[in-house]
Each structure stands twice: as structure tokens, then as C-alpha cells.
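Number of protein chains: 2
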Amino acid sequence: MNELFIEAKYIISGSKCNRIIKNGGILIENDEIVAIGKVEPVKSLVSGHDKLDRTNHIVIPSLVNSHTHIPETLLRGICDDEKLMTWLNDYIWPFERRMTSEDAYYGTLLGCLELIESGVSGFIDQYFYAESIKKAAKEAKIRALICPSVFDNTPESGSLENTWKHVSSLLNNSIPDTNQLVNYGIGPHAPYTVPEEYLYKVKELAAKNSLSIHIHLNETKSEVEQSLKDFGMSPIEYIHKLGLTEEKILAAHCVNTQNKDWKIMKESNITVLHNPQSNLKMTSGIAPIYKYLELGINVAVGTDGNASNNDLGMIEELSTAAMLQKHLSQNPKVLDNSQALRLGTINGMKALGVQSQGITEKSKADLTILSLEKSHSWPQNNIVSNIIYSSSSSDVSDLIINGKLVYFNKEHQTLNKEKIIEKCSTISERIITEMGKIKK
Amino acid sequence: MNELFIEAKYIISGSKCNRIIKNGGILIENDEIVAIGKVEPVKSLVSGHDKLDRTNHIVIPSLVNSHTHIPETLLRGICDDEKLMTWLNDYIWPFERRMTSEDAYYGTLLGCLELIESGVSGFIDQYFYAESIKKAAKEAKIRALICPSVFDNTPESGSLENTWKHVSSLLNNSIPDTNQLVNYGIGPHAPYTVPEEYLYKVKELAAKNSLSIHIHLNETKSEVEQSLKDFGMSPIEYIHKLGLTEEKILAAHCVNTQNKDWKIMKESNITVLHNPQSNLKMTSGIAPIYKYLELGINVAVGTDGNASNNDLGMIEELSTAAMLQKHLSQNPKVLDNSQALRLGTINGMKALGVQSQGITEKSKADLTILSLEKSHSWPQNNIVSNIIYSSSSSDVSDLIINGKLVYFNKEHQTLNKEKIIEKCSTISERIITEMGKIKK
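Residue numbers (the working numbering), protein chains in the order written: chain R, 1 to 440; chain B, 441 to 880.
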């Protein structure tokens, strides 16, 4: 049995992230939290010697990045400040067409480095090269729900037909196992890019193997307008009509929605994956998250890929989410600090398929530890407020995933950072050279 | 003569922050940059031995926080998620009423620690206890334009009449000296809180002593509506009518403005101090910065005070500013990376009253050095994009203000961090106890 005892200045516990234990202790056995409370009573249960002294730190439930395209780390910064079609046609797609499965593997490793440094213990992905992503995530010992893209003209398989052959054969025997850190879902890109015939195939495969369906829905206004023209209904209504909402839907964006959509989202138990920074930067809008929360719709938070955001850090994303909802609703009370933290942690875990009630007994031992060394963490009048509004991803000192320390004293325990960074720089340079032009 | 030579992987130079020198060198003599370029030619000019090896770093012009209320560090986190009047009446004002000049001194020192750690070499302030703020800023060796608040019922002087006596006596012999790091301006709180009679006095004193007038203008919709009712014109039109715009106006917020205001802002050479995060969080709105820039109006960026934001870091503020303007204008091309950086650096220096063209020969040696150690800084496809969208305030490794290293290898060179943090925690606890209640 592996035992780890953590002593911390503050622990944010409870399924609502609003129970603060000062001078607290956490006891982990194997992959599970077995005791939590004031330091002394928990300490009395400790039999081993593995102790982490974090008395100038805060322990929070681990963050989850619930929507990204992780090999896009390689595309970081290749294009900002451009209209969508220029961005796609002149930069993103030409880059992706030149990406190999090995490139995607290294790009994922770089993404895992960044996620780990940001205190993120799991991510939900939609991209090509699912096997490369899986290999990298397993090496990083990070949680991942990898949803291979169903999309036409992918760099991996070419046509939609070939992509489907590849994806369906990959997923045919892939029933998610909650005891594994890494699992597959399925990633039909969006209703406007995947024809009806294939959406039915997706639904059938998802039903057969209990796969989560990770799909972009109602991201832009023009996409919704096109859907109304083509199908007489919004993308959300459309996938509902096709029966996809009988499965577990992880719906990225949901920016441009209306009453009719909300009813479906609520009744079908859809989880919204909210990406506030990407939505601003790509001029998609601000998703009405406060309404979703009012209605009891599930919401988790992600960053989107590095080509559009351009980082994978979640604390800044939660801060942006909270501020934007106050602005949108004209009500400062919405999305309070604890709720924002919950969206980025416990709700993300749920979307990943992990049953966790945050830092509570019998929950999985996924813990993010923030150092209080920066001046922005003082004074500590309100700990959760400081986390959301003052701290940064860079305050993360340690990360425990499923009971294992993958980041310790700001040092990676699972990955060779220097090698990965060097490799990824070379890959990006190679592809940009091949493209023959790049906005500097 | 003091000489310092810096070798860096990248230097962001030029008055537009868009000239990137790879493997560059900077030579500083006393308080001035005397040479900049590729490393070898600059190195050949070096006579001394003081060399800073920053070959895994980026050097940018120093950031400026152009609007804050610095002793509010003590109020960090005491209230979020509340309506404005509850926030003010139940939390902010009761706290401030109990703040002493010594408290403000320590609160400012904590603010200086945070600014320095965030690579910020100067700030523009409006608060009471100007002498405490000045004393602290001088100890920190940071640039500051301190604008004592003209406001009724201050904790320092009580009535507006007494406040004016104090402020005017303080400023009577205070002509700004650009060779000093710390100077005074004057801070009439806002047209809705300062009666006409005192606005005239402010104007007179500012004219006499060449003081910048630092004022809140057109922050909220209700303030503008009230001004239309009371004066038949907007706050900006009103101060223009009173003649204040003949002086140098530093106008915080300018969120709710119209054509008529823009004309005045342009013609009177008003500088807008934009605080995007505070404006979202306080539900004031999004200032139309892209319009101001189109019209050639000066814009600098600030964080506002810690009671409303809740941190003083500028990189995140610039990222928020850029994203919000794309959203507001529905045009991703507005406020591009270099322009965002310029607003937070060169434009801020100008607002402070320092003539600087960024990292160019003969400019003041105010330099912020960012480490590339975090994975979010890789690959380096676009350096300025990485600074604005991927990096964080915590990447700052060193800060040079006016030729002096005030932060070196993430260690403070001017302030005793441990003592200040301890003192400020005690002060906040004392005041909160006196208040008898606090939202946790």
C-alpha cells in the first residue's frame, strides 16, 4: 500500500469547494483520499513516512481542462488577430496538413507538460492522431478522454470515409474503463462538418460502447444561421432530432443558444464545455453560462486548443469565465468564487467520467497544490477569491494525479521537459518552413 | 558611471514593440539605454564587468500599471460577487474608515512587491494618504505618479474642505520633476463626487504646478445618466466645460462614452486609463478602446485597485484587453499583440510623464525580463503573441527601473518581503475584526 500524508496551510474541501480547512491534513492511500480534516487527527492515522510539508500552500481539487486539441501546442502563436477564414485557410489547415503522427505525439507531450505545470490533472480532447495522443498521455500519467475527430480531409486518414474506418476500428473494442487514466470517447467535429449519415454511425457506436460524444455545438452565430437554413433548426436541436442526445454529450462552446436549445440541454443532460477566452478571441461571443447554471445544466470549462487561446492554464480561464458572466448578466453575484472553482475541478472530473466529490474521503486523489510565495497571494482574507482572482497557473508547486506525484516542487516527475521542448521547437520550425510563410 | 550589459535570447525593441532582436544585447549606462542590437556589436562597447546572462529570456520594455489605488492590497478578497452599493457600504468604506496612514504605507509596500514581481516599473495612483504612498514607493525604488484623492469624508482628513486643505498644501510646492521616480499629480475622484467649486480649484492648482489630473470618468452607465440629468451633459463634456481639459487629463475607465465625448477626448489629448478586468467584474461594461485607438486617442492600461480586480499584474490585463476588444468590435484584427504590449508599456510610461520609446537608445532603462522556463512559452513561433496570450506575470525573472535592478532572479532587491507580508496580514486581520463581519 502506498501512503502519502500532506500537511497544508489551507485545504479547499467539500463537493461545493466552499469548505476551507486551515492547518489541514490529507491522507492518501494508493489512488484514494482516505482522511481529511485538521492536521492532528489526520496525522494520527498515518503509518508510513511519506509526508509532504505544504504549510505555505493551498490544496485544491485538481483542475480539468475540459476542451482542447492538444497537439495544437505546436501551432502556438502561428496566427492571431486574423479573421476566421484567413486563420483557417492560410495558417491552421496548412500547418495541420503537414503534421505527422510523431509530431502529434510530441505536441501532446508539450501540452501535458503545460497542463501539469498549470495543476491540471486531466483533459478532454478532440483531434486526429488519437493513438499518438494516448501514448503521450499515458507517459505523462495524466487523465485524458481522447475523442478522435470524425472529420473530412484529416491529415491522418484523408477522406471522411477513411477517417471513419480508422476511428471506428480504433473504438470498436474501446469500452471506457474508469479505472484507467486514459480513455477514448468519440469526436464528431460538428453538425456542419459531419453529414447526417455519419452522425448516425457515431450515435450507434457511442451507444454500443458507452462512449461520450465530444462535439462542437452552437459556437458561432453564422453556424447557427446556416443550420436554421439547412435543417430548419439549431445544431443542438438537430443532433437531438437525430437521437445523439440519448448518449452522453460533451458540447463544446454553446455560445449562441436559445430557450429551445436550453430545454434540450437540460432534459438530455448535456454537459457544456465552456471556453471563454477562445470565444472572445475568435469573436464567437460570450456563452450564457449563468443561465445554464440557473437551469441546472452541467458546465465544465476548457481552454480550447493552443492555436486559438493560446495557453492551457485553467485558473486564468476560470477568472475570465467568472468576470464575463457578471458582465453578461449585469449581476456581480453570478458565478461566485466557489462555483467558478467547482466548474473547473469537480464538474470537469464528472465530464471526464471520474466520480469525484473534490477533496473528500473516498474521492480519487487528484490534488493541485498552490504555493503562497507570490505577493499576489497576500493577505489571505478570502482564500477561494485569491485562487480565482489573484493567483495564476504558475503558482502551482505540485500535482497529484490518481495518488501519484507527477509534479513535485515545480519539477516534472514523468516527462523529460528539455527534450520535449527542443523536439517541439524543431517540429514547428520544420512545418513553418514547409509552409513557406508565417505571420511574425 | 554604472554600466550593465544584458545578453538575451529575444529583445522586443522599437517604439512600436514590433522589432524583435534574436540573440541581442543591451547596454545600460546609469539610467539610460546607450546601445541595443545583436549581441556581438553591443558587447564590443562594454567596458565593465556587470553582465546579466539572460539567454533563456525575453526582454521587454517595462510594464506600467496606469490606474490603481495601491493601499487596497489590504482589502484583497474582502468582497467579491456583490452589488456595487453593498460592496461599498458594507465592505470597502467600513474597511477604509479604519485604515491609518501607517496601514496605507504597508499596504503600498505590499502593492510594490506585487508590481515588481509582475514586471511593473511604475504605477499611477489615486488614494488618500499620499505621503505614506510616496514614502513606500521611494523605498521600493519604483516609479509612481501619486494623485491624492479629492473626495468627501476621507479616512485621512474627513470633510472635503479639510481634504482640500491637506491636498492643496501638499501639492502647492510640488512641481513634477521628470528626473525623480516619484511625483505627485492631483486626483479629484469624479465629477459626481466632487462639487464644481472644487473642480475649479483642482484646475487652478493643476495649471499652476503642471500637475496631471487623474480622475474617474464615464465608468458606469448610471453615472452618465445622472450627469445628463444634473448637468445636461456627460461627465467628460462637463469637465471640458469647466476647463479641466486644458490640463493633462488621465481619465480612468471611459467605458460609457459617445461621439461627443470622443471628440473632446481627441481634441483635448486626454489619456484613457483602461481597466478591463475591473470593468467586467464590477459590471461597468467594456470600454470601446478600439474606437479610441482608431481616433488616435491615447490609451494606457491599469488594473484598478485590489478591492475590485484583485491583482496588480499587467500581462493578464493586456491579454484580457486584447480579447475583449476583438469581441466588442467583432473584428479579430483590432488591438494586435504588439499594440497591446505598447499600451501596457510605452503608453503607460507616457501617462506617467516619462519620455520613453521602449527599448531604444537614449530611452530610460526600464526593462522587464521574462523567463522562458515555463512550457507555455514554447515553441516560440511568435514571441509577442506568446507574451500577451501565453505568458503570465509570474514569468518575470528580473526588473530594472531607471537603470537599477530592483528584482533579480525572482528576488527583491529593495524591499523586505517577509516583513511586509506579515505586517499586512496583521493589519487586514485587525481591521476585519474591528468591522465585526466579513464575507468568507
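Where is the CB? At the ideal position from N, CA and C, for every residue including glycine.
Bear in mind that the values here come from a model prediction, so they are computed numbers and not experimental data.
DSSP beta-bridge partners of residue i
| i | result |
| --- | --- |
| B/PHE563 | B/ASN505 and B/ALA584 |
| B/ILE729 | Paired residue(s): none; B/ILE729 is not in a bridge. |
| R/LYS417 | DSSP, once it has assigned bridges, lists no residue as partnering R/LYS417. |
| R/ASP53 | R/GLU7 |
| B/ARG881 | Within the shown structure, residues of chain B are numbered from 441 to 880, placing residue 881 of chain B beyond reach of any answer. |
Residue i to residue j span [Cα, whole Å]
| i | j | result |
| --- | --- | --- |
| R/GLN330 | B/THR723 | 5 Å |
| B/LEU651 | B/PRO616 | 7 Å |
| R/GLN380 | B/LEU550 | 13 Å |
| B/GLN779 | B/PRO501 | 13 Å |
| R/ASP50 | R/MET1 | 12 Å |
| B/ALA647 | B/GLU472 | 30 Å |
| R/GLN355 | R/GLN180 | 13 Å |
| R/VAL334 | R/TYR292 | 11 Å |
| B/MET789 | B/LEU553 | 19 Å |
| B/TYR829 | B/SER718 | 19 Å |
| R/ASN306 | R/LYS135 | 20 Å |
| R/ILE124 | R/GLU96 | 20 Å |
| R/GLY243 | R/SER168 | 19 Å |
| B/PRO481 | R/MET99 | 39 Å |
| R/ASP249 | B/ILE689 | Checking the sequence, you will find Ile at residue 249 of chain R rather than Asp. Distance between the alpha carbons of R/ILE249 and B/ILE689 is about 53 Å. |
| B/THR495 | B/GLU851 | 19 Å |
| B/ASN826 | B/VAL741 | 19 Å |
| B/SER597 | B/PHE591 | 10 Å |
| R/HIS376 | B/THR513 | 9 Å |
Within-8 Å CB hit, residue i to chain B
| i | result |
| --- | --- |
| R/TYR292 | no |
| R/TYR389 | yes |
| R/LYS16 | no |
| R/GLN277 | yes |
| R/PRO379 | yes |
| R/ARG76 | yes |
| R/ASP304 | no |
| R/MET282 | yes |
| R/GLU114 | yes |
| R/GLY313 | yes |
| R/ASN337 | yes |
Any chain R beta carbon closer than 8 Å to residue i
| i | result |
| --- | --- |
| B/ASP701 | no |
| B/HIS816 | yes |
| B/PRO772 | yes |
| B/ASP565 | no |
| B/CYS694 | no |
| B/GLU757 | no |
| B/MET763 | yes |
| B/ILE446 | no |
| B/ASP530 | no |
| B/GLU522 | yes |
| B/LYS880 | Only weak support is given to the placement of B/LYS880: the predicted model assigns it a pLDDT of 41, under 50, and the value that follows is read from those uncertain coordinates. B/LYS880 counts as touching chain R. |
| B/ASP490 | no |
| B/GLY464 | no |
| B/ILE872 | yes |
| B/ILE582 | no |
| B/CYS864 | yes |
| B/ILE861 | yes |
Beta-carbon proximity list for residue i, same chain, < 8 Å, skipping 5 on both sides
| i | result |
| --- | --- |
| R/LYS281 | ASP80, SER308 and ASN309 |
| B/ASP493 | GLU447 |
| R/ILE359 | ILE11, ILE12, SER13, GLY14, ILE26, ILE33, ILE36, VAL59, ILE60, PRO61 and LEU367 |
| B/ILE861 | LEU550 and LEU553 |
| R/THR303 | ASN65, HIS67, THR68, ASN275, GLN277, SER278, ASN309, ASP311, LEU312, GLY313, MET314 and GLU317 |
6 Å CB neighbourhood of residue i in its chain, flanking five on each side removed
| i | result |
| --- | --- |
| B/ILE468 | LEU444, ALA805 and GLY843 |
| R/GLY445 | Coverage of chain R is limited to positions 1 through 440, which leaves residue 445 of chain R absent and any answer about it impossible. |
| R/MET435 | PRO94 |
| R/LYS417 | LEU113 |
| R/ILE289 | HIS274, VAL299 and GLN325 |
Cβ neighbours of residue i in the same chain (closer than 7 Å, five flanking residues each side left out)
| i | result |
| --- | --- |
| B/THR873 | none |
| R/ARG19 | SER13 |
| B/PRO772 | LYS766 |
Selection of the stretch 99–112 of chain R by Cβ proximity to chain C, strictly under 8 Å: Among the chains of the structure shown, chain C does not appear; the protein chains present are R and B.
Residues within the stretch 478–509 of chain B neighbouring chain R, beta-carbon criterion of under 8 Å: Cβ contacts with chain R: none found.
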